Amino acid sequence: MLSLVLPKGSLEKATFELFGAADLAVQRSSDRDYRASIDDPRIDKVRVLRPQEIPTYLEQGLFDLGITGRDWISETDADVVSLGELKYSKATSNPVRVIMAVPQDAPWQKVSDLPDGVRISTEFPALTDRFLAEHGVKAKVVPSYGATEAKVPDIVDAIVDLTETGSSLRKNGLRILDTLLVSYTELVANREAYENPEKRAAMEDIALLLQGVIRARGNVLIKLNVSAAQLQDVLNVVPSMASPTVTPLAGGEMFAVESVVAKNGINELIPNVKAAGGRDILEIPISKIID
-19 MLSLVLPKGS
-9 LEKATFELFG
1 AADLAVQRSS
11 DRDYRASIDD
21 PRIDKVRVLR
31 PQEIPTYLEQ
41 GLFDLGITGR
51 DWISETDADV
61 VSLGELKYSK
71 ATSNPVRVIM
81 AVPQDAPWQK
91 VSDLPDGVRI
101 STEFPALTDR
111 FLAEHGVKAK
121 VVPSYGATEA
131 KVPDIVDAIV
141 DLTETGSSLR
151 KNGLRILDTL
161 LVSYTELVAN
171 REAYENPEKR
181 AAMEDIALLL
191 QGVIRARGNV
201 LIKLNVSAAQ
211 LQDVLNVVPS
221 MASPTVTPLA
231 GGEMFAVESV
241 VAKNGINELI
251 PNVKAAGGRD
261 ILEIPISKII
271 D
């Protein structure tokens, strides 16, 4: 039913892990194979291509559904439908940023300080041109095809590039002058395919599964038993996404309590629950959380 295109390169591993956790495992003969498959009746074709190309291919109707970054959607100015942000990236769950960076010792403190004719290297020439025009800067924008940070200061005066943590910029003696765009990965669709009710339903099913995995990350299910006399003490300790589930056990003197809690801090929570009267405490991984 759906033709799907997934990003190759820096997002490839994280994307395949996400689909695997959503029970949509991507199968291919080798890491170099651009053709893949997913054993799901809603998906009949899978390709793995550069994220820079994906928005244009979707707009042209070569694929129904794909994953790419907001940065490349903005760069290509593609007319696609977003089914929502997928908050993951190659290293963290934080967004990446398209930034302008200059050498640490450069005299410029803001974009409007840049002189006419300043040389800027970037993989985002269209996005950069629009940004500079908004700030009244006349620059020479040089398209880059990789290793953008290495071109300062011998080849260009500044760069516009992606950063997730900023560590590579600092290592190369650069500082951020401004941020052009904050970009999450997005699930996006061809507009005509999205208007097809059957395809839209399939797209929304896939989006639901992917979002469920992302929402579950960093959370676990905690289950325990507690006496009626100590139930409130335990409830005062246990956090919850909404409110803990409390179920009376046979005999009426004990209750079962379960709650979804953040994995971060569980090492402190479990001893606190034990001290409040909890027993038979279980910590259980969660694969998906669906609203």
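The numbering of the sequence shown is my numbering, which starts it at -19 and goes up by one. All C-beta atoms in this analysis are idealised placements derived from N, C-alpha and C, irrespective of residue type, glycine included. Every value quoted in this text rests on a predicted model; they were computed, and no experiment measured them.
Going by CA-CA distance only, name the one from the options that's closest to residue i.
i, options, result
"T108", "G116, G97, V121, D96", "V121"
"Y37", "Q84, S(-17), R77", "S(-17)"
"G116", "G258, V91, V162", "V91"
"L42", "E33, E238, I270", "E33"
"V200", "D20, L262, K118", "L262"
"Q84", "I156, V60, G49", "I156"
"A208", "L(-9), V237, S9", "V237"
"L215", "T159, L(-2), L249, E172", "L249"
"R50", "I139, G146, T165", "T165"
"V168", "I47, G(-11), S220, F111", "I47"
"S163", "I264, V76, R150, L190", "V76"
"D271", "I139, A81, D93, V193", "V193"
"L154", "T145, V253, E129", "E129"
"A196", "K(-12), P35, G232, K67", "K67"
"V217", "E114, T227, L204", "L204"
"S(-10)", "I18, L29, I79", "L29"
"M(-19)", "D24, N244, Q7", "D24"
"L160", "G198, V132, S54, D19", "S54"
"V206", "Q191, S220, T225", "T225"
By the 10 Å Cβ neighbour count, where 16 or more other Cβ atoms means buried, how is residue i classified, buried or exposed?
i, result
"N170", "buried"
"D141", "buried"
"S62", "exposed"
"D96", "exposed"
"T102", "buried"
"P87", "exposed"
"D59", "exposed"
"I345", "Not covered by the structure: residue 345. The range shown for the chain is -19 to 271."
"Y14", "exposed"
"Q40", "exposed"
"P21", "exposed"
"Q212", "exposed"
"Y125", "exposed"
Going by DSSP, what residue range makes up the beta strand (DSSP E) through residue i?
i, result
"M234", "234 to 242"
"L42", "From DSSP, L42 is part of no beta strand (DSSP E); its letter is neither H nor E."
"D260", "259 to 265"
"E65", "61 to 66"
"I100", "98 to 102"
"V117", "Looking at the DSSP string, V117 is not in any beta strand (DSSP E), and its letter there is neither H nor E."
"S(-17)", "-18 to -13"
So the alpha helix (DSSP H) residue i belongs to, where does it begin and stop?
i, result
"K(-7)", "-8 to 1"
"V253", "246 to 256"
"S220", "It is not in any alpha helix (DSSP H) - S220 carries neither H nor E in the DSSP assignment."
"D51", "50 to 56"
"T108", "105 to 114"
"A173", "171 to 175"
"P35", "34 to 39"
"S9", "Note, S9: premise wrong, no alpha helix (DSSP H); not H, not E."
"K151", "147 to 151"
Across which residues does DSSP place residue i in a beta bridge pair?
i, result
"T227", "A236"
"I79", "D141, T159"
"A16", "V26"
Enumerated in chain order, which unbroken segments of the beta strand (DSSP E) with a length of 3 residues or greater are wholly contained in the stretch 180 to 215?
-> With a minimum length of 3 residues, the continuous beta strand (DSSP E) runs that stay inside the stretch 180 to 215 are 199 to 207.
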